[in-house]
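One line per chain: the protein sequences are A and B, in this order. Quick note, in the UniProt record's numbering, the first sequence goes up one by one and the last residue is 352. Quick note, in the UniProt record's numbering, the second sequence goes up one by one and the last residue is 345.
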Amino acid sequence: MVLLKIKFPFQKRVRLAQGLWLLSWVAMFSGAITFAMGVFLKTELHRRSEVMHSMDIHIVPNLLMAVGLASVGINICAGKVCQDSLDPTRFPRWKMFLPPFFCFSVFLTSLLLVAMILSFALQPSLEESLKIGLKNGIRFYKDTDTPGRCFQKETIDRLQIEFQCCGNTNYRDWFEVQWISSRYLDFTSKEVKDRVRSNVDGRYLLDGVPFSCCNPASPRPCIQYSLLDNSAHYNYEYQSEELNLYNRGCRQALVSYYMGLMNTIGPCVLFDFLLQMTILVSLRYLQTAMEGVIGQENVEIETEGYILEKGVKETLLETKEKMKKLLQFARVGDASAVTPDTEPEADKPATA
Amino acid sequence: MALMKVKFDLKKRVKLAQMLWLMYWFSIMAGVLVFSMGLFFKIELRKRSELMDNNESHFVPNILIGVGLLACFLNASGGKICYDSLDSTKFVKWKTVLKPFLICCLFFNFLLIVTAVMCFAMRIPLEFTLAEGLKNGMKYYKDTDTPGRCYMKRTLDLMQMEFRCCGNNNYKDWFEIQWVSNRYLDFSSKEVKDRISSNVDGKYLMDGVPFSCCNPSSPRPCIQQQITNNSAHYSYDHYTEDLNIWKRGCRDALVSYYGGMMNTIGILVLMVTLLQIAVMIGLQYVNTSLSTLVNPEDPESESEGWILEKTVKETFTDIMAKMKAMGKGSQVDEGANEEAVATVS
């Protein structure tokens, strides 16, 4: 039983070939756009790579870039096949090339769906990576004299200003680390000595945050230090104060930024996937319809086009048999290479 | 003696018309570019109009928008004329319009050059507007409860962070104004009372700057308060400290930002002017080559094209003579009228 058989008179074949040629140009641009979006996403991820611990999420833009490039090639081939299909003398040379081409293209196009699924599935991994990265960034904030870490302060400050966020989960993360370098602390002063002695590790902890946490929308000048002390500032209550600092944590800000990017890219990728599958299905119909014309005297006869010659189950069984034969030949080939004088036919019943 | 005479046969005429049609398409796109740059410039000025006291002049972007639209229209007409010039029946209807159209193009090119010069020259009034606007902006920084000025603090903070600048000329401008609102000052404390009584106007002045002046590249946490007091901070010398806060003044930063934008736009307008002059000369050649056919019935005959029928000097004297004749003509008319009136009365 042939799968999805359609009759193709000559005019329909010609129109299919022409429409497919046009569509392959559109799909080529769509593939290029997918590639460009992959590049954009990778650049954005790379920009903040200093606060990300693992690079797992990079597989999504990598897939998009690879498939985008490949689909440009696939569509150029498809366009060429369409052009040749209108000339029955030129079409036969594609006969050997097309079946593996179809398998390859379907595999690549399905990678687009995989990329979309991964972009949602890898969200927890992204969040974890940012959590660790930001924790380290905040810990090394003060190390502006340590080579390799001297730009952490600037990175974290610019990140907090640009994404309007403070700390990892919220601003209280800054209370748990020493973010002022010991180079700028006067260890002879009583206040510093008290603070350093008040905790086990001897760190200078305070209820203050860096200036980059300050919210410009606040009606009063920024309060950065003694945040939990209501009496230190006139007319100030930290429990009800909302506008002074940024309330959001940087991890949440970055995750929603990247998820937003991927949600915008998602529909475009889906459109590209659907377009590509349409082209592959139409090309298959064109190929099978043209195969009926090859060798015939009259090129204008009506032929049939189908997706699979037999049903899905039968095709799968056939493919399995073919694979088995290939493997057997390979195994027998090895055996005959080891013992060159033994007949391969005589070996077969012995191994079976 | 015609200016830059060139012989034309049919093939050359066709090639000229085709090339000119293509160049007109480029000119239409250039016109759209000028229009969009004018629009972009207008939006940028509007974005920061609070910092310019809402007093900034939108003259230059408006002219750019108008010139862009006019260029699109003129170039579209020119393109149509070129397209029709290949068909002698269609070209007949354009023959009478062509000379005034070319004179319009000439005036338009002058307008383009004037626009480019104005783009470069706008820097000076902009500098004055910005100086005034920033000074007032800083004065109203603390008025976050006054309607109409409540967003000045946010605007100034965001601007200082974006342009990496502090104050009008430099950070010391913040020392001369009260930028902390009275709502957040404890008037019962000694420190506040001292500061207020220390100056004539009773303002709370201090040697501190807002947080938006802080430089993230500084290796130490930002020092915003008591900037000039070396003993207030450990290991600090405000004379040698240059990474703590932004050193540049916001007037400088904004003027160079807008100045750069205007220079780019001015250069682009000059390039568009050159393109327009080229298409105008091309159209003049098309016009003259089609009107001097050796055999008017045969479209394949040879012809000549030139830019000016006589030399520049002669053309100029011709125009002057024509204008004098027009002036005299009206005078003679008046004289004849007076005589008629005299004889009647």
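Where a beta carbon is used, it is the ideal one built from N, C-alpha and C, also for glycine. Source: prediction; values computed, not measured.
- Between the alpha carbons of A/Gly311 and A/Arg15 lies a distance of about 27 Å.
- Setting aside the 5 residues that flank it on each side, A/Val269 is surrounded in the same chain by Thr34, Met37, Leu64, Leu112, Ala115, Met116, each with a C-beta closer than 8 Å to its C-beta; the list follows chain order.
- Restricting attention to B/Asn55, B/Met19, B/Ile65, B/Val60, the CA atom closest to the CA of B/Leu33 is found in B/Ile65.
- Here the segment 242-253 of chain A does not lie against the segment 195-206 of chain B, with fewer than 3 beta-carbon pairs under 8 Å apart.
- Only residues of its own chain outside the window of five on either side were considered, and among them Gly305, Tyr306 have a CB closer than 6 Å to the CB of A/Thr288, listed in chain order.
- If the five residues before and after B/Ala17 are omitted, its C-beta is found closer than 7 Å to the C-beta atoms of Cys82, Ser85, Leu86, Val286, all from its own chain and listed in chain order.
- Take B/Asn136, set aside five residues on each side of it, and the residues of its chain with a beta-carbon closer than 8 Å to its own are Asp53, in chain order.
- Below 8 Å, enough C-beta pairs join the segment 20-35 of chain B and the segment 270-286 of chain B to call them touching: three or more.
- Against B/Cys214, the close residues of chain A are Phe211, in the order they occur along the chain (beta-carbon pairs closer than 7 Å).
- If you draw a 10 Å sphere on the C-beta of B/Thr144, you find 16 or more other C-beta atoms in it, and that means buried.
- Put simply, the CB of A/Cys222 is near chain B, with a gap under 9 Å to one of its CB atoms.
- Judged by DSSP in its simplified three-state form, A/Gly311 adopts coil rather than helix or strand.
- The CB of B/Met152 never comes closer than 9 Å to any CB in chain A; the least such distance is about 11 Å.
- In terms of Cβ geometry, B/Val67 and B/Leu112 form a close pair [threshold 9 Å].
- Taking 9 Å as the CB threshold, A/Asp207 stays off the interface with chain B.
- Contact between the segment 85-100 of chain A and the segment 289-301 of chain A is present: three or more C-beta pairs spanning the two stretches fall below 8 Å.
- In this structure A/Gly19 does not touch A/Asn75 by the C-beta definition: roughly 14 Å separates them, more than the 8 Å allowed.
- Listed along chain A, the residues sitting closer than 8 Å to B/Met161 by beta-carbon distance are Ile161, Pro216.
- Using a Cβ-Cβ cut-off of 9 Å, A/Trp179 counts as an interface residue toward chain B, since at least one Cβ of chain B sits closer than that to its own.
- For A/Ser189, the nearest CB of chain B lies under 9 Å from its own CB, placing it at the interface with that chain.
- A direct Cα-Cα distance of roughly 20 Å separates A/Gln276 from A/Thr264.
- Nearest neighbour of B/Thr129 by Cα position, chosen from B/Tyr258, B/Phe101, B/Ala321, turns out to be B/Tyr258.
- The continuous stretches of alpha helix (DSSP H) do not include A/Phe8, which lies in the beta strand (DSSP E) extending over residues 6-8.
- Taken in chain order, the members of the segment 228-247 of chain A whose beta-carbon sits within less than 9 Å of a beta-carbon on chain B are His233, Tyr234, Asn235, Tyr236.
- One Cα belongs to B/Lys310, the other to B/Gly78, and the distance between them is close to 24 Å.
- In the structure shown, B/Ser301 falls within a coil segment according to DSSP collapsed to helix, strand and coil.
- Taken in chain order, the whole alpha helix (DSSP H) runs of length 4 or more contained in the segment 71-136 of chain B are 88-91, 95-121.
- Scanning chain B for C-beta atoms nearer than 8 Å to the C-beta of A/Thr146 yields nothing, as the closest lies near 11 Å away.
- For the segment 193-205 of chain B, the set of residues with a beta-carbon nearer than 8 Å to any beta-carbon of chain A is empty.
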